[in-house]
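Worksheet: the structure to be examined is printed underneath.
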Amino acid sequence: MRLLLGSLFALAVAAMVGLGATYLALTRGAAFGSLTIGAWTAWPKTGTIDADPYARATIARTGQLPVALGDGVSFTAQADDNGKLLDGRCDVLLSGVTPAARFWTLTLYNVEGQLVANSVNRYGFTSQEIVRNADGSFEIAVSPRANAGNWLPTGGVERYALLLRFYDTAVGVSTKAGREVPMPAVTTRRCP
Amino acid sequence: MIRWLLLFLGGALLGGIVHLATVIIMPRTATQDAYSRLTPTAPINTVTALPAPAPDTAPMPFMDSAFASAVCRYDLSQGSLKLTVPVSLAYTSISFYTRYDVAYYAINDRAAGRRVIELELMTPEQHSNLPEDEEITAADRLIVESPTPTGLIAIRALAPEPGLLPMAQSAIAAARCAIQQDAPKPSR
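Heads up: the protein sequence lines correspond to chains S and L, in order.
Counting from 8, one number per residue, gives the positions in the first sequence under the working numbering.
Counting from 140, one number per residue, gives the positions in the second sequence under the working numbering.
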């Protein structure tokens, strides 16, 4: 009886630890070879045949097609530069410059990876649409209320993620975080 | 007490194995991965245009809304595949994925350097069975080897502004993928 109880206990612990760790790893986006610059994180290796098992499992779980490395690199931000999770009810400002790429796109998704409905049907920006300053830098207001200039509406959702994708770029597996790759700063300005 | 502690440790160790096993098995058991999602709508060895992603309705999560996209779900068991994609004005890319949605090759319009990107996709076996004494040299034809006999090709054209989306869509609409008529015969 004690043996049975003991084995059941050990198996229950195994199931909890094993499945819990898998769930956490796949929902938090655990994969090796991540490249983090400011608020932005990319997994360039996920877009290659050398993708590790965690990356493969994440791809299968979310059902997305990753951006292939020969095509571009995709950076994700779920929090601002101070680590505060992006909140669709706040005014968030993206400012700065981007690494060299033929084109880039910025897209806003909810946590499930769907576009967020809004009154002006704008889900993102491309590098050609953006209004820039004289020095080539730009500012994008990500907020629920209309803004002058580059306004990306959040639709007031609680949590969202920003995806900045660079197409035909030199940023890749060999890129080191730091000065060589300038990424726009993400700052939360005002929260109701 | 010691007994329960040992059982707990043993359970945790077993949990580590469960964790690794589930992570590795995941891609093979997933029913909602990109390939499975596209299976009902995308016939095999044909280019199917994907509807533009919209809130609540998108063929796949995390699709770039600035792109017009199409997929060719391929099966190379009947022979090699010929892919023809006219490039659009802005940016066109073709990405190749295995059955488990791992990207193994991608090419864009600039790398191809032509108005029309022409590719041949084949398994390593079909590639090695190609007759060598053909007049067409290898440099003239772009051959991609697929690590799995089935998979996905994603064809995408950028619309730099929303108004240019129809232009990108029409470029994508002219893309073709088909099993080659003169499929390389297995060596006699």
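Heads up, the beta-carbon is just placed ideally off N, CA and C, and yes, glycines get one too.
Query                                                                                                                                                             : Result
DSSP state of L:A322, grouped into three classes?                                                                                                                 : Low per-residue confidence applies at L:A322: pLDDT is 48, beneath 50, and the placement is therefore not dependable, though the value from the model is reported in the following sentence. The answer is coil: DSSP assigns L:A322 none of H, G, I, E or B.
I'd like the list of long-range same chain contacts for S:I40, defined as Cβ closer than 6 Å, with 5 residues on each side in sequence excluded.                  : Note that residue 40 of chain S corresponds to Gly in the displayed sequence, not to Ile. The answer, listed in chain order, is K52.
Quick one: measure Cβ to Cβ for S:A64 and L:V162, integer angstroms, because I've assumed they're closer than 8 Å.                                                : 5 Å
What residues are listed by DSSP as bridge partners for L:A245?                                                                                                   : L:S234
Could you tell me the alpha carbon to alpha carbon distance between S:G162 and L:S219, rounded to whole angstroms?                                                : 47 Å
Looking only at its own chain, which residues have a Cβ that is under 8 Å from the Cβ of L:E259, when we skip the five neighbours before and after it?            : S219, L220, K221, L222, R280, L281, I282, V283, Q319
If you draw a straight line from the C-alpha of L:L153 to the C-alpha of S:A21, how long is it?                                                                   : 5 Å
Helix, strand or coil: which one does DSSP assign to L:E264?                                                                                                      : helix
Is the CB-CB distance between S:L170 and L:Y236 below 9 Å?                                                                                                        : no
Please return the same chain residues whose Cβ sits closer than 8 Å to the Cβ of L:A312, not counting the five positions on each side in sequence.                : A188, A209
If we cut at 9 Å on Cβ distances, does L:M202 have a partner in chain S?                                                                                          : yes
Which residue or residues does DSSP assign as beta-bridge partners of L:S216?                                                                                     : According to DSSP, which records beta bridges pairwise, L:S216 is partnered with nothing at all.
Along the stretch 62 to 82 of chain S, what residues have a CB closer than 9 Å to any CB found in chain L?                                                        : A62, R63, A64, T65, I66, A67, R68, T69, G70, Q71, L72, P73, V74, A75, L76, G77, D78, G79, S81
With the cut-off set at 9 Å, would you say S:V135 and L:P192 are in Cβ contact?                                                                                   : The identity of residue 135 of chain S in the sequence shown is Gln, whereas the question assumes Val. For S:Q135 and L:P192, no; Cβs fall outside 9 Å.
Mind pulling the beta strand (DSSP E) runs of 3 or more residues that sit fully within the stretch 58 to 108 of chain S?                                          : 79 to 84, 98 to 103
Where do the ends of the beta strand (DSSP E) carrying S:A168 lie?                                                                                                : 168 to 176
Which residue's Cα is closest to the Cα of S:A46: S:V188, S:T55, S:A124?                                                                                          : S:V188
Under DSSP, the alpha helix (DSSP H) around S:P160 begins and ends at which residues?                                                                             : Looking at the DSSP string, S:P160 is not in any alpha helix (DSSP H); the run it does join, the beta strand (DSSP E), is 157 to 160.
Which partner residues does L:L258 have in the DSSP bridge list?                                                                                                  : L:L222
Return the residue from the list S:V164, S:G179, S:A28 that minimises the CA-CA distance to S:Q121.                                                               : S:V164
Closer than 9 Å, CB to CB, is L:S227 near chain S or not?                                                                                                         : no
Kindly list, in the order they appear in chain S, the residues whose Cβ is closer than 8 Å to that of L:R253.                                                     : Residues of chain S passing the Cβ test: none, with the nearest at roughly 16 Å.
Restricting to Cα atoms, I'd like to know which of L:S285, L:P225, L:S234, L:Y244 is closest to L:M306.                                                           : L:P225
Give me the chain S residues within the contact set of L:V283, using Cβ-Cβ distance strictly less than 9 Å, ordered along the chain.                              : Going along chain S, no residue has its Cβ under 9 Å from L:V283, so there is no contact; the nearest lies around 11 Å.
Quick check on L:W143: does DSSP put it in helix, strand or coil?                                                                                                 : helix
Classify L:R253 as helix, strand or coil using the three-state DSSP reduction.                                                                                    : coil
How big is the Cα-Cα spacing for S:N125 and S:S102?                                                                                                               : 22 Å
Taking Cβ positions, are S:T55 and L:Y243 nearer each other than 9 Å?                                                                                             : yes
When the Cβ atoms of the stretch 143 to 151 of chain S are set against those of the stretch 195 to 206 of chain L, are three or more pairs found closer than 8 Å? : no
Would S:A75 and S:V178 be called neighbours here (beta carbons separated by less than 9 Å)?                                                                       : no
With a cut-off of 9 Å, does the C-beta of L:I156 fall near any C-beta of chain S?                                                                                 : yes
What does the Cβ neighbour count give for S:C198, buried or exposed, with the cut at 16 atoms within 10 Å?                                                        : exposed
Verify the CB distance criterion: does L:E300 have a CB-CB separation below 9 Å to chain S?                                                                       : yes
Between which two residues does the beta strand (DSSP E) containing S:T34 stretch?                                                                                : From DSSP, S:T34 is part of no beta strand (DSSP E) but of the alpha helix (DSSP H) over 9 to 34.
If you measure beta-carbon to beta-carbon, which residues of the stretch 100 to 132 of chain S are closer than 7 Å to chain L?                                    : R109, F110, T112, T114, Y116, E119, G120, Q121, L122, V123, A124, Y130, G131
To the nearest angstrom, how far is it from the Cα of L:V186 to the Cα of L:D248?                                                                                 : 18 Å
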